[in-house]
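Everything below concerns the one structure shown next.
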Amino acid sequence: MKMTGSGVNGMIGMEGGRVEESIGELRRTFRSGKTRSAAWRKAQLKALLQLLRDNENKIFEALKQDLGKHPVESYRDELGVVEKSVKYSLSHVDEWMAPKKSSLPLIFFPAKGQVLPEPLGLVLIFSSWNFPISMSLDPVIGAISAGNSVVLKPSEQAPACSSFLANTIPLYLDSKAFKVIEGGAEISQQLLQQKWDKIFFTGSPSVARIVMSAAVKHLTPVTIELGGKCPTIFDYLSSPSDTEVAVKRVVGGKWGPCNGQACIGVDYVLVEEKFASHLIEMLKKTIKKFYGENPKQLKDISRIVNKHHFQRLRNLLKDPLVAASIVHGGLIDEEKLFIEPTILLDPPLDAEIMTEEIFGPLLPIITLKNIEESIEFINSRPKPLALYAFTNDEAFKRRILSETSSGSVTFNDIMIQFICDTLPFGGVGQSGFGRYHGKYSFDTFSHEKAVLRRSFFLELEPRFPPWNDFKLKFIRLAYSFDYLGLILLLLGLKR
Amino acid sequence: MAEDSETKKVFDAEAAASLMKELRGTYASGKTRSYEWRVAQLKNLMKIVDDHEKDILDAIRADLSKPEQESYIAEISIIKSSCTRALGELNRWMKPEKVKTSITTFPSSAEIVSEPLGVVLIIGAWNFPLLLALDPAIGAIAAGNAVVLKPSELCPATSSLIAKLVGKYLDSSCIKVVEGAVAETSALLEQKWDKIFFTGSGRVGRIVMAAAAKHLTPVALELGGKCPVVVDSDINLPVAIRRIAGGKWASNNGQACIAPDYIITTKDFAPKLIDALKHELEAWYGKDPLESKDLAHIVNSNHFARLAKLLDDDKVSGKIIHGGQRDKANLKFAPTILLDVPEDSLVMNEEIFGPLLPILTVDKLEDSFDMITSRGKPLAAYLFTNNKKLKEKFVKTVSAGGLVINDTVLHFAEKTLPFGGVGESGMGSYHGKFSYEAFSHRKSVLYRGFAGDASARYPPYSDRKLKLLKALLSGSVVGVILALIGWS
Chain A
217 MKMTGSGVNG MIGMEGGRVE ESIGELRRTF RSGKTRSAAW RKAQLKALLQ LLRDNENKIF
277 EALKQDLGKH PVESYRDELG VVEKSVKYSL SHVDEWMAPK KSSLPLIFFP AKGQVLPEPL
337 GLVLIFSSWN FPISMSLDPV IGAISAGNSV VLKPSEQAPA CSSFLANTIP LYLDSKAFKV
397 IEGGAEISQQ LLQQKWDKIF FTGSPSVARI VMSAAVKHLT PVTIELGGKC PTIFDYLSSP
457 SDTEVAVKRV VGGKWGPCNG QACIGVDYVL VEEKFASHLI EMLKKTIKKF YGENPKQLKD
517 ISRIVNKHHF QRLRNLLKDP LVAASIVHGG LIDEEKLFIE PTILLDPPLD AEIMTEEIFG
577 PLLPIITLKN IEESIEFINS RPKPLALYAF TNDEAFKRRI LSETSSGSVT FNDIMIQFIC
637 DTLPFGGVGQ SGFGRYHGKY SFDTFSHEKA VLRRSFFLEL EPRFPPWNDF KLKFIRLAYS
697 FDYLGLILLL LGLKR
Chain B
15 MAEDSETKKV FDAEAAASLM KELRGTYASG KTRSYEWRVA QLKNLMKIVD DHEKDILDAI
75 RADLSKPEQE SYIAEISIIK SSCTRALGEL NRWMKPEKVK TSITTFPSSA EIVSEPLGVV
135 LIIGAWNFPL LLALDPAIGA IAAGNAVVLK PSELCPATSS LIAKLVGKYL DSSCIKVVEG
195 AVAETSALLE QKWDKIFFTG SGRVGRIVMA AAAKHLTPVA LELGGKCPVV VDSDINLPVA
255 IRRIAGGKWA SNNGQACIAP DYIITTKDFA PKLIDALKHE LEAWYGKDPL ESKDLAHIVN
315 SNHFARLAKL LDDDKVSGKI IHGGQRDKAN LKFAPTILLD VPEDSLVMNE EIFGPLLPIL
375 TVDKLEDSFD MITSRGKPLA AYLFTNNKKL KEKFVKTVSA GGLVINDTVL HFAEKTLPFG
435 GVGESGMGSY HGKFSYEAFS HRKSVLYRGF AGDASARYPP YSDRKLKLLK ALLSGSVVGV
495 ILALIGWS
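Protein sequences, first through last, are from chains A and B.
Using this note's numbering, read the first sequence as starting at 217 and increasing by one per residue.
Using this note's numbering, read the second sequence as starting at 15 and increasing by one per residue.
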C-alpha cells in the first residue's frame with residue numbers, strides 16, 4: 217500500500233497559491249458546462265463504481281491501517297454503503313435532473329411553472345476520520361450527480377485512507393472537475409478562504425463553527441453533519457428471543473461501527489432499574505460471544521484512532537465516581553491504543569462521560585424507575601443525531617416520536633437507518649442541519665430554480681397603475697381565488 | 015414583552031435571554047404542537063388583516079407613502095392568500111410521509127415525520143414591512159414553532175402596529191414581537207435560535223449568518239441582487255412594457271428585491287423600447303411624476319442620498335434619457351431611465367433598489383447571458399421573447415433564485431413555486447409548502463421488528479459473512495438466497 221509520507225500532522229497539501237490555482241481550474245471546468253450533462257455525471261458515477269470494485273482490497277488495507285477495521289466491518293459500514301449509493305444514484309439521476317411541474321391556481325394569470333434543479337457550482341466536502349471512505353465518497357456521489365465540480369478534503373487523522381483517495385481518485389474521475397486535497401488544519405483554513413458554492417462538513421461542532429463562520433464571507437450555504445449523545449431506550453421485551461436479538465443489536469451498534477467512534481452509534485442506554493442487571497449480564501455474554509473471551513486479545517473490533525482520542529477517553533474514566541461505576545471491562549493498553557468494551561452502571565450525570573459525546577467503547581447504562589421517564593431525560597439534553605428505542609409498546613413509540621426530537625428515530629435496531637436510501641440523513645439542533653443520502657444528496661448540492669413562463673396572450677390584468685376601484689376589486693377577488701366573483705365583476709355585475 | 019409606555023425598557027442582552035427562556039419553556043410545554051393551536055393562530059392572523067385593513071394601510075402610508083393599492087396588492091392580499099392556503103393544506107403538510115424500504119433493511123417500514131424546529135427568529139425588511147414579517151411567520155406558526163418577530167425599525171408605524179395587533183390577536187406566550195434597531199437585533203442574535211429567517215441586504219445577511227454560526231443555527235437568507243430583464247425585439251411590446259414598468263415602479267418604486275434592476279436589449283430595438291417606456295410612464299404618473307399619488311417614496315434620506323449619488327456619478331449623469339427629477343424634502347424620486355452606462359459605474363455595481371433603470375445595449379442578446387452570470391446570481395432574472403431557443407438557452411444558462419419568461423415579479427405570488435435566492439441572493443426558500451418546510455425538521459423514522467436478524471452483521475466475522483453482506487447490500491434477492499444456501 218503506497219503511502220505518501222503523511223503523518224497525522226503532516227502537511228502534504230499545497231501552498232496557498234496552488235490551492236487557488238487548482239480551484240481556478242475547477243471553476244473553469246464548471247463554467248464550461250462540462251459537468252452539467254447527464255452523460256458526464258453518469259460516466260463519473262460509473263467510474264467511481266469501478267474504482268470501488270477494482271480497489272476493494274486496497275480499501276480494506278487502508279481502513280485496517282487507520283482504524284484496525286476488519287474487512288467485514290469495512291464492507292458493511294463503508295464500501296458496501298458507498299457501492300449501494302453509487303448504484304442508486306446511477307439509476308435515478310435522470311429522474312432527479314428532470315424539471316418538476318408545479319400546479320398554478322392563479323387562473324387569471326395563466327402561466328406554466330416548473331422547478332428546475334441546477335448544480336450549485338464548485339463545492340467543498342470535508343470528510344471525517346471514523347468512516348473515512350464513506351464520509352468522503354457518499355457526499356461526493358451527491359455532488360457529482362448534481363453536476364458540480366468538487367474538492368474533497370479527507371481527514372488527515374485517517375492518513376492511509378486520505379492517501380488512497382488522493383492517489384486513486386485521479387485515476388478514475390475527471391481531474392479537471394474533481395480534486396482531492398490532503399492536509400490538516402492549515403490546508404483547511406486555506407480552502408475556507410476560497411469562494412465555494414456549497415460546503416458539506418462532517419465532523420465536530422467546534423470545527424463546524426469555524427467552517428460556518430468562514431462560509432459567511434461568500435454567503436456559502438453549508439450542510440453540517442455532527443453527532444451527539446445518541447440514546448438507546450431499552451424497554452422490557454416480554455419475549456426472550458426478542459431480547460436476545462435486541463441485545464445483539466445494541467452490542468453490534470455500540471462496538472461494531474468503529475468501536476463506538478460513530479456519530480450515530482449508541483452513546484448510552486436507558487433502562488428500568490429492575491431490568492438493568494439482566495441487561496448487563498446479557499450484554500457481557502454477547503460481548504464475549506462477538507469479540508472473544510480474552511479482553512487483551514479482542515478480535516473483529518476497531519481500535520481507537522489516535523493517542524489524542526485515546527487520552528480523551530481514558531480521562532473520561534479518571535473521575536473516581538465514574539471509575540467506581542464500571543461493571544464490565546475497563547482494561548486499557550496505551551501502546552495498542554486499546555480500550556476494552558466497558559460498561560458503566562449509573563455514572564454521575566454531571567460527569568463528562570454523560571455530558572460529552574463519548575465517541576468510544578464506553579457504554580453507560582442509566583437506570584430509571586419507569587421507562588417513560590426516558591423521554592424527559594432525553595429532552596433535557598441536546599438533540600442527538602439518532603435516537604434508538606427497543607420496545608413493542610405502540611403507545612410508547614408514538615410518545616417517543618411526538619415528544620422527542622432527533623435527526624432520526626429507529627425502533628428496534630441500531631444504525632440501520634443509515635443504509636435506507638429513501639430516508640434523509642441529517643441532524644437537528646446540536647446534531648447539525650441539512651441532510652443527504654439518496655435523492656437528498658442530489659438535492660443538497662442543487663439549487664432548485666423556479667421558472668415561470670407566461671405568454672403575451674390574455675392580458676386581463678389590472679395589476680398596474682393608474683389605480684382605480686375596479687382594479688382593486690379585481691385583485692381582491694383574484695387573490696382570494698373567488699373566480700365567480702371575478703367573472704361577475706368583469707361582467708359588470710358585482711359592486 | 016412588558017411595555018410600559020412611560021418607561022420603555024431597553025431590550026438588551028438580559029431581556030433577550032429572559033425572552034428566550036420564557037419561549038423555550040412554553041415551547042417545551044408542547045402548546046404550539048397541536049393542529050388546533052396552529053389553526054387558531056392562523057385564523058387570528060387572518061383576522062388581523064381583515065379587521066384592521068385600514069390601520070395597516072395607514073401605517074404603511076405613514077412609513078413609506080406607498081399608494082394604497084400597492085400596499086393592498088403586495089402586502090395584504092398576499093398575507094390573506096398565504097393564510098388561506100396554510101389553513102387549507104395544514105392537515106396534509108402535517109401528515110407523515112411514508113417511504114419505501116428495500117430488501118436491505120427487510121423487514122422494515124419507514125416514514126418521514128415533520129416536527130417544528132423549536133424557537134425561531136424572523137427578521138423583516140422595510141420595503142414590504144407587513145408582508146416580510148408576517149409571511150414567514152405563517153410558515154413558522156403552521157409548522158408549530160414558537161416565534162419572535164423583529165419587524166424593520168425603518169417603518170416605525172408598521173412595526174408598532176404589528177406589535178400591537180400580534181400582541182392582541184395571537185398567543186403571546188408563544189408568539190412575540192420585539193421592536194428595535196441594531197442594538198435590539200444584536201441582543202436577539204446572541205441567543206441560540208433553532209432557525210433564523212432573515213430578509214434584507216447581503217451586508218446584514220452576513221452579520222446574521224455570522225451570529226448564527228456561533229450556535230450552528232440554520233438560517234434562511236432572502237437577499238437581493240441586480241435582477242436583469244433581457245428584452246428581445248419580436249414581442250408584444252405594449253404588454254411587455256406594462257409588465258416591466260409594473261415590476262419596476264409599481265413595486266415600491268423599485269425598492270423591491272425582485273424588481274427589475276436593469277434592462278439588456280439589442281442596439282436596434284432600444285429606441286423603440288425606450289419610447290414605449292416613456293409613454294407608459296407618462297400615462298401612469300403624468301407629466302410630473304413627483305406630483306403623482308401613485309408612486310411610492312424613497313424610504314429615508316440615507317437611501318435617497320444613495321440613489322442621488324448613483325445618478326450624480328460622472329460616468330452616469332450624461333446618460334440620463336428620461337426622468338431624474340427628485341424632491342429631497344419629500345423623499346420623492348421620479349422614474350429615471352439611463353442608456354448605456356459604463357459597466358464599471360456605481361449604478362451597475364450595486365443593487366439599485368430604486369427608480370433608476372439602466373438600459374444596456376448589445377449586438378446579440380445571447381452574449382448578455384454570460385454578463386448576467388458573472389455578476390453574482392440575482393434573486394430573479396427576466397426574459398421577454400417569443401424565440402423558443404432563446405428561452406431554453408436563458409433557462410439553462412442563467413442561474414438565479416427564480417426566472418420568469420415574459421413577465422416580471424409574478425412568481426412571487428405563485429405559492430407552488432419555491433421563492434428564494436442562490437449565491438449572493440441568499441439561501442433557503444419559502445412560500446406555500448416551502449414555508450412550512452423552512453421551519454420544520456423532517457425526522458426519519460425506521461421501524462424494525464425482531465424477526466429476520468441477519469447474523470452476518472455481527473462478529474465473529476468471516477468470509478462467508480462478507481459474501482452475505484455483499485448480497486444484502488446490493489439489494490439482490492437472488493444473491494441473498496444464494497449466499498444463504500452457500501452458507502448452510
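All C-beta atoms, glycine included, are put in the ideal place defined by N, C-alpha and C.
Under 8 angstroms by beta carbon: chain A residues contacting residue i
i, result
"L417 of chain B", "K665, A666, V667, L668"
"I249 of chain B", "F672"
"D467 of chain B", "V461, K464, R465"
"T213 of chain B", "Chain A residues near T213 of chain B: none, gap ~14 angstroms exceeds 8 angstroms."
"L202 of chain B", "Within 8 angstroms Cβ-Cβ: nothing; L202 of chain B doesn't reach chain A, min ~18 angstroms."
"V436 of chain B", "L336, H663, K665"
Assigned secondary structure, residue i (DSSP; H/G/I helix, E/B strand, else coil)
i, result
"R340 of chain B", "strand"
"A478 of chain A", "coil"
"S122 of chain B", "strand"
"E20 of chain B", "In this prediction, E20 of chain B has a pLDDT of 45, which is less than 50 and means its spatial position is unreliable; nothing more can be read from the coordinates."
"A567 of chain A", "coil"
"Q83 of chain B", "helix"
"Q330 of chain A", "strand"
"D451 of chain A", "coil"
"V224 of chain A", "Here V224 of chain A scores only 37 on pLDDT, less than 50, and its place in the model is too uncertain to base an answer on."
Backbone CA spacing between residue i and residue j [nearest angstrom]
i, j, result
"G508 of chain A", "L584 of chain A", "31 angstroms"
"S79 of chain B", "L168 of chain B", "13 angstroms"
"W471 of chain A", "I555 of chain A", "11 angstroms"
"S476 of chain B", "F211 of chain B", "52 angstroms"
"K407 of chain B", "V244 of chain B", "12 angstroms"
"D69 of chain B", "I419 of chain B", "36 angstroms"
"V356 of chain A", "L179 of chain B", "49 angstroms"
"S96 of chain B", "G158 of chain B", "16 angstroms"
"L267 of chain A", "T384 of chain A", "8 angstroms"
"D354 of chain B", "N266 of chain B", "25 angstroms"
"I288 of chain B", "P437 of chain A", "39 angstroms"
"R256 of chain B", "E294 of chain B", "7 angstroms"
"L594 of chain A", "D483 of chain A", "Just to set this straight, residue 594 of chain A is Ile in the shown sequence, not Leu. Cα to Cα, I594 of chain A sits roughly 12 angstroms from D483 of chain A."
Own chain, CB closer than 6 angstroms to residue i, minus 5 neighbours either side, in chain order
i, result
"P11 of chain B", "The shown model of chain B, from 15 to 502, leaves out residue 11 of chain B, and the question about it has no answer."
"F575 of chain A", "Q477"
"D77 of chain B", "C169, A171, T172"
"L514 of chain A", "Y507, G508"
Residue i: contacting residues in chain A (beta-carbon distance under 7 angstroms)
i, result
"E129 of chain B", "S621"
"A224 of chain B", "S429, V432"
"A124 of chain B", "C636, T638, L639"
"Y461 of chain B", "F627"
Contact set between residue i and chain B, taken where Cβ atoms lie within less than 7 angstroms
i, result
"W683 of chain A", "P81, Q83, D308"
Close-in-space but distant-in-sequence residues of the same chain around residue i (CB under 8 angstroms, 5 per side omitted)
i, result
"M498 of chain A", "T459, E460, V463"
"T119 of chain B", "L460, R462"
"Y49 of chain B", "L104, N105, M108"
Contact list for residue i against chain B, beta-carbon separation under 9 angstroms
i, result
"Y507 of chain A", "P473, P474"
"H286 of chain A", "P473, Y475"
7 angstroms Cβ shell around residue i - same chain, five flanking residues per side excluded
i, result
"A27 of chain B", "A201, E204"
Listed by chain order, chain A residues near residue i by CB distance under 9 angstroms
i, result
"V119 of chain B", "One point to set straight first is that residue 119 of chain B is Thr, not Val, in the sequence displayed. Those are D629, I632, Q633, I635, C636, listed as they occur along chain A."
"K402 of chain B", "Correct list: empty, because the minimum Cβ distance to chain A is about 11 angstroms."
Task: Minimum length 4: unbroken alpha helix (DSSP H) runs contained in the stretch 232 to 266 of chain B - done: 251 to 263
Task: Ranges of the beta strand (DSSP E) found wholly within the stretch 391 to 459 of chain B, counting only runs of at least 3 - done: 394 to 398, 416 to 419
Open item on the list: Ignoring anything shorter than 3 residues, give me the beta strand (DSSP E) runs that lie fully in the stretch 231 to 259 of chain A, in order along the chain.
Closed with: none
Open item on the list: Which complete beta strand (DSSP E) runs does the stretch 578 to 649 of chain A hold, if anything under 3 residues is left out?
Closed with: 578 to 584, 602 to 606, 624 to 627
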